[in-house]
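>
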Amino acid sequence: MNLVIFIFIVLLGFTSYYFGRKKAYSIQATNTRLTALPQFYGYYLAIWCAIPAFIIYSLWAIFEPSIVKLIILSDYSNQGYLDDELNLIYEKTKSLSRGQFSGEITPYLETSAEKYLNLRSIAQNSKVVLILTIIIASIVYGYKRISSNNRTREPVEKFLNAVLFTASLAAILTTIGIVFSLIFQTIDFFKVIPLFDFIFGTHWYPAKAFVRDASEPLDPSMYSDTFGAVPIFAGTFFIALIAMCVAIPIGLMSGIYLAEYASTKVRQYAKPLIEILAGIPTVVYGFFAALTVGPFLKDIGTAMGLEVSAESALAAGGVMGIMIIPFISSLSDDVITSVPQGLRDGSYAMGATKSETIKKVIFPAALPGIVGSILLGVSRAVGETMIVVMASGLAANLTFNPLESTSTITAQIVVILIGDQAFGDPKTQAAFALGMTLFLVTLSLNIFALRVVKKYREKYE
Amino acid sequence: MNKNKEKLLNSRYRAEKRFQFYGKSAIFLALLFLTIFIFKIFSTGYTAFQKTWLIVPVTFDAETMYLDENPSKEDLKDADYFDLALQTMFDLDKSASEKQQNDLKRMVSYFFEREIKRELLNDPSLIGKTKDVYLTASDDLDQVFKGNYPRDLPEDQRRVTDYQLKIFDQLVEQGRVESKFNLSFFTYPDSREAELAGIASSFMGSIFSILVCLVIAFPVAVLAAIYLEEFAPKNRFTDFIEVNINNLAAVPSIVFGLLGLGILLAVFQLPRSTPLVGGITLSLMTLPTIIIACRASLKAVPPSIREAALAMGASKMQTTMHHTVPLSMPGTLSGTIIGLAQALGETAPLILIGMVAFVNTIPGSPLDPAASLPVQIYIWAESAERGFVEKVSACIMVLLGFLIIMNLFAQIIRHKFEKKWS
Numbered sequence: 001m002n003l004v005i006f007i008f009i010v011l012l013g014f015t016s017y018y019f020g021r022k023k024a025y026s027i028q029a030t031n032t033r034l035t036a037l038p039q040f041y042g043y044y045l046a047i048w049c050a051i052p053a054f055i056i057y058s059l060w061a062i063f064e065p066s067i068v069k070l071i072i073l074s075d076y077s078n079q080g081y082l083d084d085e086l087n088l089i090y091e092k093t094k095s096l097s098r099g100q101f102s103g104e105i106t107p108y109l110e111t112s113a114e115k116y117l118n119l120r121s122i123a124q125n126s127k128v129v130l131i132l133t134i135i136i137a138s139i140v141y142g143y144k145r146i147s148s149n150n151r152t153r154e155p156v157e158k159f160l161n162a163v164l165f166t167a168s169l170a171a172i173l174t175t176i177g178i179v180f181s182l183i184f185q186t187i188d189f190f191k192v193i194p195l196f197d198f199i200f201g202t203h204w205y206p207a208k209a210f211v212r213d214a215s216e217p218l219d220p221s222m223y224s225d226t227f228g229a230v231p232i233f234a235g236t237f238f239i240a241l242i243a244m245c246v247a248i249p250i251g252l253m254s255g256i257y258l259a260e261y262a263s264t265k266v267r268q269y270a271k272p273l274i275e276i277l278a279g280i281p282t283v284v285y286g287f288f289a290a291l292t293v294g295p296f297l298k299d300i301g302t303a304m305g306l307e308v309s310a311e312s313a314l315a316a317g318g319v320m321g322i323m324i325i326p327f328i329s330s331l332s333d334d335v336i337t338s339v340p341q342g343l344r345d346g347s348y349a350m351g352a353t354k355s356e357t358i359k360k361v362i363f364p365a366a367l368p369g370i371v372g373s374i375l376l377g378v379s380r381a382v383g384e385t386m387i388v389v390m391a392s393g394l395a396a397n398l399t400f401n402p403l404e405s406t407s408t409i410t411a412q413i414v415v416i417l418i419g420d421q422a423f424g425d426p427k428t429q430a431a432f433a434l435g436m437t438l439f440l441v442t443l444s445l446n447i448f449a450l451r452v453v454k455k456y457r458e459k460y461e
Numbered sequence: 462m463n464k465n466k467e468k469l470l471n472s473r474y475r476a477e478k479r480f481q482f483y484g485k486s487a488i489f490l491a492l493l494f495l496t497i498f499i500f501k502i503f504s505t506g507y508t509a510f511q512k513t514w515l516i517v518p519v520t521f522d523a524e525t526m527y528l529d530e531n532p533s534k535e536d537l538k539d540a541d542y543f544d545l546a547l548q549t550m551f552d553l554d555k556s557a558s559e560k561q562q563n564d565l566k567r568m569v570s571y572f573f574e575r576e577i578k579r580e581l582l583n584d585p586s587l588i589g590k591t592k593d594v595y596l597t598a599s600d601d602l603d604q605v606f607k608g609n610y611p612r613d614l615p616e617d618q619r620r621v622t623d624y625q626l627k628i629f630d631q632l633v634e635q636g637r638v639e640s641k642f643n644l645s646f647f648t649y650p651d652s653r654e655a656e657l658a659g660i661a662s663s664f665m666g667s668i669f670s671i672l673v674c675l676v677i678a679f680p681v682a683v684l685a686a687i688y689l690e691e692f693a694p695k696n697r698f699t700d701f702i703e704v705n706i707n708n709l710a711a712v713p714s715i716v717f718g719l720l721g722l723g724i725l726l727a728v729f730q731l732p733r734s735t736p737l738v739g740g741i742t743l744s745l746m747t748l749p750t751i752i753i754a755c756r757a758s759l760k761a762v763p764p765s766i767r768e769a770a771l772a773m774g775a776s777k778m779q780t781t782m783h784h785t786v787p788l789s790m791p792g793t794l795s796g797t798i799i800g801l802a803q804a805l806g807e808t809a810p811l812i813l814i815g816m817v818a819f820v821n822t823i824p825g826s827p828l829d830p831a832a833s834l835p836v837q838i839y840i841w842a843e844s845a846e847r848g849f850v851e852k853v854s855a856c857i858m859v860l861l862g863f864l865i866i867m868n869l870f871a872q873i874i875r876h877k878f879e880k881k882w883s
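In the order they appear, the protein sequences are chains A and B. Start counting the first sequence at 1; every next residue gets the next number (our numbering). Start counting the second sequence at 462; every next residue gets the next number (our numbering).
#1: Return the residues of the region 825–839 of chain B that lie within a Cβ-Cβ distance of less than 7 Å from chain A, sorted by chain order.
#2: Is the beta carbon of A:S379 sitting closer than 7 Å to the one on A:L445?
#3: Is the region 828–848 of chain B touching the region 753–760 of chain B, taking contact as three or more C-beta pairs under 8 Å?
#4: Just to make sure I have the definition right: I need the residues of chain B whose C-beta is within less than 8 Å of the C-beta of A:Q185. Which are they?
#5: Which residue from B:P736, B:G740, B:Y527 puts its Cα closest to that of B:P824?
#6: Whose Cβ in chain B lies nearer than 9 Å to the Cβ of A:E110?
#7: Since B:T742 and B:L725 should fall inside the 8 Å C-beta cutoff, what is the C-beta to C-beta distance between them, to a whole number of angstroms?
#8: Tell me which residues share the same chain as A:R344 and place their Cβ nearer than 8 Å to its Cβ, disregarding the 5 neighbours each side in the sequence.
#9: Using a Cβ-Cβ cut-off of 7 Å (strictly less than) and excluding sequence neighbours within five positions of B:E639, which residues of its own chain qualify?
#10: Here's a check: name, in chain order, each residue in its chain whose Cβ is nearer than 7 Å to the Cβ of A:Y43, leaving out the five neighbours to either side.
#11: So if I threshold CB-CB distances at 8 Å, which residues from the region 339–359 of chain A count as touching chain B?
#12: Using DSSP's beta-bridge definition, name the partner residues of B:W514.
#13: Between the beta-carbon of B:N643 and the beta-carbon of B:F510, is there less than 7 Å?
#14: Using DSSP with H/G/I as helix, E/B as strand and the rest coil, what is B:W882?
#15: Excluding the 5 residues preceding and the 5 following A:L117 in the sequence, name in chain order all residues of the same chain whose CB lies nearer than 8 Å to its CB.
#16: Tell me, to the nearest whole angstrom, how far the beta carbon of A:A381 is from that of A:I324; I am working on the premise that it is less than 8 Å.
#17: Sort B:L470, B:M665, B:H784 by Cα distance to B:L828 and report the nearest one.
#18: Near A:A366, what residues of its chain come up, given a Cβ to Cβ distance below 7 Å and the 5 sequence neighbours on each side ignored?
#19: Starting from A:R21, find everything on chain B with Cβ-Cβ shorter than 7 Å and list it in chain order.
#20: Going by C-alpha to C-alpha distance, which of A:A303, A:F8, A:P402, A:V453 sits closest to A:A243?
#21: State yes or no: is the beta carbon of B:E477 nearer than 7 Å to at least one beta carbon in chain A?
#22: Which chain A residues sit within Cβ distance under 7 Å of B:G806?
#23: Is there a Cβ of chain B sitting closer than 7 Å to that of A:N401, yes or no?
#24: Using beta-carbon positions only, say whether B:S795 and B:A871 come within less than 7 Å of one another.
#25: Would A:I67 be called buried (16 or more neighbouring beta carbons within 10 Å of its own) or exposed?
#26: In terms of alpha-carbon separation, which member of B:G608, B:V712, B:A727 lies closest to A:V441?
#27: Going along the chain, which residues of its own chain have a beta-carbon closer than 8 Å to the beta-carbon of B:D623, five neighbours each way excluded?
#28: Please confirm whether A:A289 and A:A315 have their CB atoms less than 7 Å apart.
#29: In chain B, which residues lie with their C-beta within 8 Å of the C-beta of A:T408?
#30: When every heavy atom of the ligand GDP is checked, does at least one fall within less than 6 Å of the C-beta of B:M773?
#31: Anything in chain B within Cβ reach of A:V414, meaning under 9 Å, just list it in chain order.
#32: Could you tell me if A:G99 is buried or exposed, where buried requires 16 or more neighbouring beta carbons within 10 angstroms of its beta carbon?
#33: For A:F227, which of helix, strand or coil comes out of DSSP?
#34: Kindly indicate which three-state DSSP category A:T30 falls into: helix, strand or coil?
#35: For B:W882, count neighbouring Cβ atoms within 10 angstroms of its own Cβ and tell me buried if that reaches 16, exposed if not.
#36: Which of the three DSSP states is assigned to B:T525 in this structure?
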């Protein structure tokens, strides 16, 4: 039904475009000069026809369910039900009215279901009536405006401008959405777990929070020593460090080679090939690390008499480093190519070799940009999820031995939230608190890195 | 003195050579990783495109199926094929003990009943006759036949018993084992049994998610880019929007998963595990990518085009919509495809919104629960059975194939249709 109304409005919008234009042509035929092109009259009428109806339609869709719910549940008020129980009653009523209810049917429930169906049909009918009235009224208004040879281009363009502006708000809305989805859960989490324990605690064992009778009230003392995030902060930092140990030398050197030494032909092929590494999905890297690199390192370790975990931090970090190579190489390539030629020429004129020029002149000049690209790489490494989930351990050990397994912020979020989640549980909230931490860390890294790169660019432009 | 100078010069040249060598080896290493990577995936994955069948003679005995003399089509559909199927397997070795019979049964997939039934439904005249029927081999035998499974392990360490191997070898000798193209890998949904697991459900899940993502992200991103590039006044608020877009582009994907979980599922009560929610989450993620690409291609349209249109009396909106935007479309479209390719490979946010659930039906709409290709890779990679390893690699090959096609497509659009202004 809703779909029918929707399609109806859309069709009406299209037809009214033609009517508007036709009207404009007929005015033109009487040798009256129009103030806008005929199609603008069409757009004008179409907007008048469809937009008010759509607004009503969507407002209705948003508010109808909650209003119906309020009315249904008003019968049950003052009877001492809890919110959860009321919700349950409402769900039961809904499924009964659809004929899908399989539990015990009480007379109360039956009356409610009947009332629900009744309300729904009233709502549906009044919606149709209201929308039709609105459409007719707005079409008549719009049509009248056309006949008086109104200026229509300006309002149409103003409307389009408003649409464009609204679209550009999407980015802000997304950011707000992220912050909102994280902040409430995080605040709830810190009501139970002191911030101090979270930041400085050295035991991370969220599974302990799961062994709890849901009906009992929360006992904060139970969670002391459960959500100490030091091991996973350390693990995140450590795996990112290993990744950067792989990515910085290889990425930077290949960036320098591509920018300074490589012939156009080599550059033409090598650059996109290296960038393929950035296009491979991370889950594929994770599989590669878990299936190939992990066992391989373990075999080597055993041959050398070392104890190596099959899910070592080294495997995860190393593969993550390979993933980050292209970010660093192409960014530093860009940065180095934008160093002015004059600096190079000056250095060559003094008799320096190419590598001396690079090391002593170009590299210092490009350093801010390179630091920026490395920071962006670090933020990638910190936020990378699938490689760690698949190739590194899921238990948070506080260790700095690359051959042992350790865990990261992202891996813990996945571990906690995979499967069913109960909102309001400290364990679920812990995942959001970790997400908040991750968001803040990567955000500040990015802002800082972008600022550094921007400053550097301004210097040479 | 001169000698010293020469020495110094030589050492400087050597340093130069060394430095170049470092650069070359860095590139070599990066490309080496890529090669190992692709080689490894292909060498473990290509066998998954073949499937091993046991060709077993089935005697369609009416009595074993509890059927009358002249059964109708309906009777055939409702008949009990399990006993017939069991009998067929037991007939492979008439002298088998009870334990060995159990082994015999486990040499084929649990679909054997259905495969025999399909054969009879295709040709009801087979009743009372014997015919060779292709039955899907169990994944352990499948792996043995492909040579992925070490046969020389002690019996208690492998999942195939000596007895099964003996019978299997007999079948091989009789030419009753055949390897054919594994069509079911593409047409079956996920399954707990490796030999029956296919990518159809996750593939459809991916398609639906990407479609939802495209429908939401593309219009919003293009409109936003047009506003920011052509209409936005230079003020604090516009700067704020731009800062937001740049930061969103670098937010880790898992944070978007938390957004989907905390807002779309918890607040808006959208259905869990569905491509709809997955697509919305992915669209928020690709939004900045498309906006940035679209702005770049709008910026590349030379101002003279705009000036010419304005000089002809077009309004700002007409200039933009009739001239600038159409000219920028190739760049926008290729940016969109690249953004979608990124979204196609994304896993972490989809796991958080529950698209990791085991789904053994093929979703018919974005509102049905589904997995997606990368999530399928994750699910299979986490399962211990050996048969899934090659499936994971094959699934990766399919996914990479799609990414390559999408990227090529983006390149072609860019090169064929983009106007070069100079």
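We put the CB at the ideal spot given by N, CA and C, even for glycine.
Reading it off the structure:
#1: P835, I838, Y839
#2: yes
#3: no
#4: G723
#5: B:P736
#6: Under the 9 Å cutoff, chain B gives no residues; its nearest Cβ is about 25 Å from A:E110.
#7: 7 Å
#8: T357, V361, I362
#9: W514, I516
#10: Y17, V156
#11: T353, K354, S355, E356, I358, K359
#12: B:T597, B:E639
#13: yes
#14: coil
#15: S97
#16: 6 Å
#17: B:M665
#18: V335, I336, V339
#19: Those within 7 Å of A:R21 in chain B number zero; the least Cβ separation is about 16 Å.
#20: A:P402
#21: yes
#22: P281
#23: no
#24: yes
#25: exposed
#26: B:V712
#27: E616
#28: yes
#29: Those do not exist, as A:T408 stays about 11 Å from chain B at its closest Cβ, beyond 8 Å.
#30: Inclusion of the ligand GDP in the displayed structure is not the case, the ligand content being empty and no account of it being possible.
#31: I715, G718, A809, I812, L813
#32: exposed
#33: strand
#34: coil
#35: exposed
#36: coil
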